[in-house]
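**Student:** Going letter by letter, the sequence shown gives residues 149 to 214 in the working numbering.
Ideal placement from N, C-alpha and C gives every residue a C-beta, glycine not left out.
The structure presented is a predicted model; accordingly, all values stated were derived computationally and were not measured.
This is the structure I want to talk about, given as structure tokens.
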Amino acid sequence: MTIERYLIDANTSNLAKFYSDPAHPDPNLQRILLQRTINGGKLVLTGDALGLGVVLYRILPPTVVP
Numbered sequence: 149m150t151i152e153r154y155l156i157d158a159n160t161s162n163l164a165k166f167y168s169d170p171a172h173p174d175p176n177l178q179r180i181l182l183q184r185t186i187n188g189g190k191l192v193l194t195g196d197a198l199g200l201g202v203v204l205y206r207i208l209p210p211t212v213v214p
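Printed below as a string of structure tokens:
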């Protein structure tokens, strides 16, 4: 299963900062693709060292190519 992960905080994936400061990276560059498997009917997302912010996970159906 393919999962897209976006970290949204003051430094990454911050659309307002991107528009106000052209040197700030494009939010689309903050996407990380993860490959995970379902075990026992559960999808477990682990291993991310996160600080303050919000994480958006987008789980892609098998028919969608990232």
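#1: Excluding sequence positions up to five away, which residues of its chain have a Cβ less than 6 Å from the Cβ of I207?
#2: Roughly how many whole angstroms lie between the Cα atoms of D201 and P209?
#3: Keeping to the same chain, check which residues put their C-beta closer than 7 Å to that of L182; ignore five residues upstream and five downstream.
#4: What residues are listed by DSSP as bridge partners for T185?
**Tutor:** Straight from the coordinates:
#1: Here residue 207 refers to the residue found at position 59 when the sequence shown is read from its first residue. Excluding residues within five positions, the ones whose Cβ falls inside 6 Å are I151.
#2: Here residue 201 corresponds to residue number 53 of the sequence shown, with the count starting at 1. Here residue 209 corresponds to residue number 61 of the sequence shown, with the count starting at 1. According to the sequence provided, residue 201 is Gly. The question's Asp does not apply to it. So the alpha carbons of these two residues sit roughly 26 Å apart.
#3: Position 34 of the sequence shown, counted from the first residue, corresponds to residue 182. Taken in chain order, the residues that qualify are I151, R153.
#4: The residue labelled residue 185 in the question sits at position 37 within the sequence shown. The partner list for T185 (beta bridge, DSSP) is empty, contrary to what the question assumes.
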